[in-house]
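Notes for the one structure printed next.
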């Protein structure tokens, strides 16, 4: 499995766990607030969604970090950087999902800043070895059968739950009767008022979601071409 495949796996994991329709779980490039005279840069968000209750609107961002080695754990700087991104784009909650583990420093920083940490490992009994390497629509189609089975196709360990836990998301939307990929009619921008319109959409087939790509790390500097990143990239 690679970073792009893991992002799509996590998109379906969130849908399965929280009951949020898959078309509501987006990937986006969100500009940070800047002072006059400075160049704008964008934060490339792996996964994000917005939900409302009777009184509030809440926006959650997720960094999905695939690791090819079990010894490669998510470290403290990853937590501190997603906290910075959360503040810059005024998100309510932030989460990191990985398939390995988190270092002691990452866990301490997450508790201090209220960042949710989750370990989600694809079940080796399910067919995840022959997934398409890049095309997200195809990956979702390939994964859909596993997620529609009675037995969930992953193991999940909750390492840290954010202070604003996001439990209100459960029940806000019903799980679609048939898990499907994004369609042009279904894809909508989150209604988060702080996110300007005009964010680019990945070009592709009819059912492609808006995605940023499949890296799963956070970096500063020039960003990747459209649809190739999958990271929280801060770019001009």
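Residue numbers (our numbering): 5 to 240.
Ideal placement from N, C-alpha and C gives every residue a C-beta, glycine not left out.
The structure displayed is predicted, hence computed values, not measured ones.
Do you know how far the Cα of residue j is from the Cα of residue i?
i           : j           : result
residue 68  : residue 14  : 7 angstroms
residue 148 : residue 127 : 14 angstroms
residue 176 : residue 19  : Only weak support is given to the placement of residue 176: the predicted model assigns it a pLDDT of 36, under 50, and the question is left unresolved by the model.
residue 124 : residue 5   : 13 angstroms
residue 54  : residue 41  : 31 angstroms
residue 91  : residue 161 : 26 angstroms
residue 104 : residue 153 : 24 angstroms
residue 219 : residue 58  : The predicted position of residue 219 is uncertain, since its pLDDT is 45 and thus under 50; a value taken from the coordinates is nonetheless stated next. Spanning the two alpha carbons is a distance of roughly 36 angstroms.
residue 44  : residue 159 : 40 angstroms
residue 121 : residue 9   : 20 angstroms
residue 22  : residue 60  : 18 angstroms
residue 16  : residue 50  : 13 angstroms
residue 85  : residue 155 : 35 angstroms
residue 166 : residue 134 : 34 angstroms
Go ahead and label residue i buried or exposed: buried means 16 or more other beta carbons lie within 10 angstroms of its beta carbon, across all protein chains shown.
i           : result
residue 150 : buried
residue 46  : buried
residue 157 : buried
residue 73  : exposed
residue 143 : buried
residue 29  : buried
residue 38  : exposed
Under 8 angstroms by Cβ, that's how I've got residue i and residue j pegged, so tell me the actual separation to the nearest angstrom.
i           : j           : result
residue 98  : residue 164 : The pair is not a contact, with the Cβ atoms about 11 angstroms apart (cut-off 8 angstroms).
residue 119 : residue 34  : Wrong, their Cβ atoms sit about 17 angstroms apart, outside the cutoff.
residue 27  : residue 140 : No, residue 27 and residue 140 are not in contact; Cβ-Cβ is about 13 angstroms, not under 8 angstroms.
residue 146 : residue 110 : So it is not a contact: roughly 31 angstroms between Cβ atoms.
residue 87  : residue 117 : 4 angstroms
Out of the options, state which residue places its alpha-carbon closest to the alpha-carbon of residue i.
i           : options        : result
residue 71  : 143, 101, 38   : 101
residue 78  : 112, 51, 53    : 112
residue 52  : 66, 7, 62      : 66
residue 36  : 83, 17, 62, 95 : 95
residue 89  : 63, 76, 134    : 63
residue 108 : 82, 87, 49     : 82
residue 75  : 16, 38, 106, 7 : 106
residue 56  : 24, 32, 48, 38 : 24
residue 32  : 48, 22, 21     : 48
residue 7   : 166, 134, 138  : 138
Is residue i close to chain D? Criterion is C-beta to C-beta, closer than 9 angstroms.
i         : result
residue 6 : This model lacks chain D altogether; it includes just one protein chain.
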